[in-house]
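A.B. asks: In my numbering, the protein residues as written are 16 to 249.
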Amino acid sequence: MIELRNLSVHYGRAIAVNDVSLSFPSGTVNCIIGSNGAGKSTILRTISGLVRPSSGQIVFEGEPIQNLTPKQIVERGIAHVPEGRHVFPELTVEENLKIGAYLRADAAAVKRDFDAICGAFPRLAERRKQFANTLSGGEQQMLAIGRAIMAAPRLVLMDEPSMGLSPVMVATMGDIIRSINAEGRSVLLVEQNANVALSLSEDAAVLEQGRISLAGKAALMKDDEHVRVAYIGV
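As structure tokens, then:
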């Protein structure tokens, strides 16, 4: 389980996240939706240790992690797929994937996971010797996800995984997220594409101006009038 307890984050005097309390169960796909600038990415960056909270706690599987370094958080089993992919452009696909396993010492398990990722992402297998900057946007997103999986996480944080992708690739990305979850990994999405995120998720929360305005079952939230008008557009 990942739990936020009265979490606040400031950038200077600006409040990015304001007293947020949320919990999501293990073994499921869950999401935080909201408009651009609502604070969604800040929450993920704070969970992964890239940003320090001003106050509050982050608890993962019963252990407070808000004071750990990013390296320690990865070691605890959390991997982050950032917004904009951020692959290493002048390294090959294979090199990018292997960087994801840099904290792992179990060579046999690393090879097994590498082979499994190549099987799950045939395009990456075909392009394993190509430089990452030669891949399409969708392929780079696959690579970023594959690199995160190479860390053998129990929780995968995904920041706007559908951003900039074609409708066909968005559907493919949904299938990939479901397959990650089917392997026993939890997934926490933040998305502007509320329809996609809610369709994939068990539980959901709406973040507006740094605060949670609504939380509950994703299937029910799709029928909420405010969510439909503000985020789904119907």
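Idealized CB from N, CA, C, for every residue including glycine.
Look at the Cβ atom of A159, then the Cβ atom of V102, and state whether they are nearer than 7 angstroms.
C.D. replies: Locating residue 159 in the sequence shown gives position 144, counting from the first residue. Locating residue 102 in the sequence shown gives position 87, counting from the first residue. Taking 7 angstroms as the Cβ cut-off, A159 and V102 qualify as a contacting pair.
A.B. asks: From N196 to Q207, what does the alpha carbon distance come to, in whole angstroms?
C.D. replies: Within the sequence shown, residue 196 is the residue found at index 181, counting from 1. Within the sequence shown, residue 207 is the residue found at index 192, counting from 1. Rounded to whole angstroms, N196 to Q207 spans 21 angstroms at the Cα level.
A.B. asks: Is Q145 helix, strand or coil by DSSP?
C.D. replies: Taking the sequence shown and counting its residues from 1, one reaches residue 145 at position 130. Residue state, collapsed to three classes: coil.
A.B. asks: Output the distance between the C-alpha atoms of G152 and G134, rounded to the nearest integer angstrom.
C.D. replies: Here residue 152 refers to the residue found at position 137 of the sequence shown. Here residue 134 refers to the residue found at position 119 of the sequence shown. Each residue's Cα considered, the two are about 20 angstroms apart.
A.B. asks: So the beta strand (DSSP E) S70 belongs to, where does it begin and stop?
C.D. replies: Taking the first residue of the sequence shown as 1, we reach residue 70 at position 55. First-last of the beta strand (DSSP E) with S70: 70-75.
A.B. asks: Is it true that the CB of V211 sits closer than 7 angstroms to the CB of S177?
C.D. replies: Position 162 of the sequence shown holds residue 177. Position 196 of the sequence shown holds residue 211. For S177 and V211, yes; Cβs fall inside 7 angstroms.
A.B. asks: Spell out the partners DSSP gives P79 in its beta bridges.
C.D. replies: Working through the sequence shown from its first residue, we reach residue 79 at position 64. The partner list for P79 (beta bridge, DSSP) reads V74.
A.B. asks: Quick check on G231: buried or exposed, where buried means 16 or more other Cβ atoms within 10 Å of its Cβ?
C.D. replies: Mapped onto the sequence shown, residue 231 falls at position 216. Classification for G231: exposed.
A.B. asks: In terms of DSSP beta bridges, what is N45 paired with?
C.D. replies: The residue you call residue 45 lines up with position 30 of the sequence shown. Answer is L203, D218, bridged to N45.
A.B. asks: Kindly confirm or deny that the segment 85-99 and the segment 165-174 touch, where touching means at least three C-beta pairs closer than 8 angstroms.
C.D. replies: With the cut-off at 8 angstroms, the segment 85-99 and the segment 165-174 touch.
A.B. asks: Nearest-angstrom Cα distance between S41 and E18?
C.D. replies: Taking the first residue of the sequence shown as position 1, residue 41 is located at position 26. Taking the first residue of the sequence shown as position 1, residue 18 is located at position 3. S41 and E18: Cα-Cα distance of roughly 10 angstroms.
A.B. asks: Would you check if there are 3 or more beta carbon pairs closer than 8 angstroms linking the segment 182-201 to the segment 220-229?
C.D. replies: Contact fails: fewer than three Cβ-Cβ distances are below 8 angstroms.
A.B. asks: Rounded to a whole number of angstroms, what is the C-alpha to C-alpha distance between A116 and E110?
C.D. replies: Mapped onto the sequence shown, residue 116 falls at position 101. Mapped onto the sequence shown, residue 110 falls at position 95. For A116 and E110, the distance between alpha carbons rounds to 10 angstroms.
A.B. asks: In angstroms with no decimal places, state the Cα-to-Cα distance between D130 and A163.
C.D. replies: Position 115 of the sequence shown, counted from the first residue, corresponds to residue 130. Position 148 of the sequence shown, counted from the first residue, corresponds to residue 163. Between D130 and A163, the C-alpha separation is close to 14 angstroms.
A.B. asks: So, do the segment 62-77 and the segment 224-241 have three or more beta carbon pairs nearer to each other than 8 angstroms?
C.D. replies: The segment 62-77, when compared against the segment 224-241, does not touch it at the 8 angstroms Cβ threshold.
A.B. asks: Do V8 and M157 have their C-beta atoms closer together than 7 angstroms?
C.D. replies: Outside the modelled stretch of the chain, which goes from 16 to 249, sits residue 8, for which no answer is possible.
A.B. asks: Could you please give me the residues that DSSP links to F270 through a beta bridge?
C.D. replies: Look at the range of the chain in this structure, 16 to 249, and you will see that residue 270 is not part of it.
A.B. asks: Going by beta-carbon coordinates alone, are E175 and E98 separated by less than 7 angstroms?
C.D. replies: In the sequence shown, residue 175 corresponds to position 160, counting from 1. In the sequence shown, residue 98 corresponds to position 83, counting from 1. It is a contact, given that the beta carbons lie within the stated cut-off.
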